[in-house]
Amino acid sequence: MTQIRRLLAINNYFYRRGGAESVFLDHIGLFAAAGWDVVPFAMQHPANLPSPWSGYFVSEIEYGAAGGPLTKARQAAKVIFSQEARRNIRNLIGQARPTVAHAHNVYHHISPSIFGALKDEGVPLVMTAHDLKIACPAYKMLSGGRVCERCRGGRIHNVLLHRCVKDSVAVSGLVLMETLVHRSLGLYRDTLDRVIAPSRFYRDKLIAWGWDADRIVHIPNCIDASEYMPAADEGGYFVYAGRLAPEKGLATLLRAAALARQKLVLAGSGPEEERLRRLAQDIGADVSFVGHLDKPALQRLIGGAIALVLPSEWYENAPVSVLEAYALGRPVIGTRIGGIPELVIEGETGLLVEPGNAAGLAEALAAMASLPASARATMGASSRDWVLREFSPDQYRERTLNLYEAIC
């Protein structure tokens, strides 16, 4: 490696917008603290953090904004292949030659057009797979509310045939065109030196869809448990924290809470909120909707819960919310899908149930609630100890550094 270790950190957004952005910004913080010179590259946005490098950021793309056919056509072209992003990153490399580039989410905004430029300049390139976009055009392997792998083997026409993106012919068609262009130019497959999979499930799934096993590295997400203080008392409720979206299994969770006669708190917002409110009223579920909470309030809420519930019905990757619950000394009830089972030790840190099974989830809620508080406290203590041992920031940085050294 060069004497000055410089990390080019790439992501669509440069503020804490969601789980991927939190991982991205925490990654930057860890390497800056270790003495690296970190140079971000992102999209311009009013909520972005300040950066001396923001002049190189690409123009904001605002989806859903008003505009004529020409504006929308230009936007579609940038989604597929951004010449601006490619030009800007070349200029940035000229000013700050990186030791390694590490990308997170780039599609639809920055676009992978930058990857060819990095390859041409000889910059080692790593990307963290926060979802399954490099295999599935619609990135979730989800269609019509169900897990879908129809595009496996190159049959990507299915994304349009089944309107997998927003149930829209236009948007699904754009995504199909995007995928055709990216694959024909090899913008992922021919440029990425390594792909980081935060879950073993994602590593195995990408390999099953044709990616070279030697290029996929499993590095779990991390959390600084020292920033989380376990609560002394429980509040007599279960909690879900995250986006209120169809694939999250929340309708199943509400039915399970009603069957088990357990109090439930949903923290977050999303397109399913009104439907879930109506469902809760129709079935008589004891559910509180508290909306989006800031970090301290969310920690208090999770810390006082009987357990965190993650009822997902799609291929979740490696939810940081599970690690947060563990850091707060709370057990987790999760579904056996995606990377969730890797993060729940049955009977020791929580319970696992089949996705989409309200009766089975109700049994798990009742079983967890019926345990003595001391038993749940023991599970919580085991959970926190596991996070401290296996998911610490120091371990994440060491694993990532080893990867960088292997390709530089």
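Going by our numbering, the sequence shown opens with residue 34, and the numbers climb by one from there. Don't be surprised by glycine CBs; every beta carbon is placed ideally from N, CA and C.
Evaluate residue i with the Cβ neighbour count: other Cβ atoms within 10 Å of its Cβ, from every protein chain shown; 16 or more gives buried, anything less gives exposed.
{"i": "G101", "result": "Confidence at G101 is low in this model, with a pLDDT of 49, below 50, so the placement of that residue should be treated as unreliable; the coordinate-derived value is given next. G101 is exposed by the Cβ-count criterion."}
{"i": "I37", "result": "exposed"}
{"i": "G187", "result": "exposed"}
{"i": "V228", "result": "buried"}
{"i": "R119", "result": "buried"}
{"i": "I440", "result": "exposed"}
{"i": "R363", "result": "buried"}
Hey, how far is the Cα of residue i from the Cα of residue j?
{"i": "R417", "j": "A129", "result": "40 Å"}
{"i": "G269", "j": "K296", "result": "7 Å"}
{"i": "I147", "j": "A397", "result": "47 Å"}
{"i": "A410", "j": "L331", "result": "19 Å"}
{"i": "L277", "j": "P304", "result": "6 Å"}
{"i": "K199", "j": "A408", "result": "44 Å"}
{"i": "P79", "j": "S144", "result": "20 Å"}
{"i": "L512", "j": "I61", "result": "Only positions 34 to 441 of the chain appear in the structure, and residue 512 is not among them; the question remains open."}
{"i": "D237", "j": "L194", "result": "27 Å"}
{"i": "A99", "j": "S55", "result": "Summary for A99: the model assigns pLDDT 45, below 50, so the residue's position carries little reliability; its value from the coordinates is reported in the next sentence. So the alpha carbons of these two residues sit roughly 30 Å apart."}
{"i": "D427", "j": "G206", "result": "43 Å"}
{"i": "I256", "j": "D223", "result": "32 Å"}
{"i": "G125", "j": "Y359", "result": "Sequence inspection shows Leu at residue 125; the Gly mentioned does not correspond to that position. For L125 and Y359, the distance between alpha carbons rounds to 40 Å."}
{"i": "H190", "j": "L209", "result": "7 Å"}
{"i": "A258", "j": "V180", "result": "33 Å"}
{"i": "L312", "j": "Q77", "result": "39 Å"}
{"i": "K281", "j": "C197", "result": "17 Å"}
{"i": "A406", "j": "A284", "result": "28 Å"}
{"i": "E438", "j": "P131", "result": "14 Å"}
{"i": "M412", "j": "A340", "result": "10 Å"}
{"i": "W69", "j": "L434", "result": "11 Å"}
Can you tell me whether DSSP reads residue i as helix, strand or coil?
{"i": "S176", "result": "strand"}
{"i": "Y89", "result": "helix"}
{"i": "A171", "result": "coil"}
{"i": "F424", "result": "coil"}
{"i": "Y273", "result": "strand"}
{"i": "V198", "result": "coil"}
{"i": "E349", "result": "coil"}
{"i": "R248", "result": "helix"}
{"i": "E146", "result": "The amino acid at residue 146 is misidentified as Glu; the sequence shows Ser. In the structure shown, S146 sits in a helix (DSSP, three-state: H, G or I)."}
{"i": "H60", "result": "helix"}
{"i": "H215", "result": "helix"}
{"i": "E379", "result": "strand"}
{"i": "L385", "result": "strand"}
{"i": "V159", "result": "strand"}
{"i": "V139", "result": "coil"}
{"i": "S403", "result": "helix"}
{"i": "G367", "result": "strand"}
{"i": "I229", "result": "strand"}
{"i": "S321", "result": "strand"}
{"i": "M412", "result": "helix"}
{"i": "E307", "result": "helix"}
{"i": "L82", "result": "coil"}
{"i": "A134", "result": "strand"}
Going by beta-carbon coordinates alone, are residue i and residue j separated by less than 9 Å?
{"i": "L287", "j": "A318", "result": "yes"}
{"i": "V133", "j": "L225", "result": "no"}
{"i": "A300", "j": "Y273", "result": "yes"}
{"i": "A66", "j": "N45", "result": "no"}
{"i": "E39", "j": "V71", "result": "Checking the sequence shown, residue 39 turns out to be Arg, not Glu. In contact: R39 and V71 (Cβ atoms closer than 9 Å)."}
{"i": "I378", "j": "S345", "result": "no"}
{"i": "Y429", "j": "P157", "result": "no"}
{"i": "G393", "j": "E387", "result": "yes"}
{"i": "L82", "j": "L58", "result": "yes"}
{"i": "A400", "j": "A290", "result": "no"}
{"i": "G367", "j": "F234", "result": "no"}
{"i": "P231", "j": "A162", "result": "yes"}
{"i": "A264", "j": "G336", "result": "yes"}
Is residue i near the ligand NAP, going by C-beta to nearest heavy atom under 8 Å?
{"i": "M412", "result": "Questions concerning the ligand NAP fall outside what the structure shown contains, since it holds no ligand whatsoever."}
Residues bridged to residue i by DSSP?
{"i": "R39", "result": "D70"}
{"i": "A397", "result": "DSSP lists no partner for A397."}
{"i": "M76", "result": "V91"}
{"i": "V342", "result": "I366"}
{"i": "L297", "result": "F271, V320"}
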